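Residue numbers (full-length UniProt numbering): 1 to 143.
C-beta: ideal position from N, C-alpha, C; glycine also.
This one's a predicted model, so the numbers in the text were calculated from it and none came from an experiment.
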């Protein structure tokens, strides 16, 4: 479908899709797209600092390992934040840290279940928002 809208050949589009399709199931989840897009942006931004990283790794390898760990945590946090924003759930959950913890654990240990969890979050978010709206309507009627 995108072939007419983007300046890429059908083969190039297929390659982009295949690189984003982590589960190789022929479908892209929101998580796969967000992660792939984040990686693309990070690669563009990261190329400018490659020389600095090489110098740092030669002189202080433990600092580079720590820097990489922080980078991975930041990427994970950014990816989760984008997911929650796209679901409209940024301010819905009382303790988003718990949701993030579950999401991160699934992403690490059971990535094949991540799509189901993200769909579950979408449904729960929708139901919570509906309940909040109903509560507001009831409160306004009672005033």
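Excluding the 5 residues flanking residue i on each side, which residues of the same chain have their C-beta closer than 6 Å to its C-beta?
i, result
"residue 90", "84"
Buried or exposed for residue i, please, with buried defined as at least 16 other CB atoms from any protein chain shown within 10 angstroms of its CB.
i, result
"residue 101", "exposed"
"residue 120", "exposed"
"residue 9", "exposed"
"residue 140", "exposed"
Quick one, which of the options has its alpha-carbon nearest residue i's?
i, options, result
"residue 115", "13, 92 and 27", "27"
"residue 108", "19, 76 and 36", "76"
"residue 125", "17, 117, 81 and 88", "88"
So residue i is in the alpha helix (DSSP H); what residue range does that whole segment cover?
i, result
"residue 111", "From DSSP, residue 111 is part of no alpha helix (DSSP H); its letter is neither H nor E."
If residue i sits next to residue j, beta carbons under 8 Å apart, how far is it from one beta carbon to the other, in whole angstroms?
i, j, result
"residue 20", "residue 32", "5 Å"
"residue 99", "residue 128", "So it is not a contact: roughly 12 Å between Cβ atoms."
Looking only at its own chain, which residues have a Cβ that is under 8 Å from the Cβ of residue i, when we skip the five neighbours before and after it?
i, result
"residue 117", "102, 103 and 106"
"residue 112", "23"
For residue i, which residues of its own chain have a beta-carbon under 7 Å away from its beta-carbon, when the five flanking residues on both sides are left out?
i, result
"residue 18", "none"
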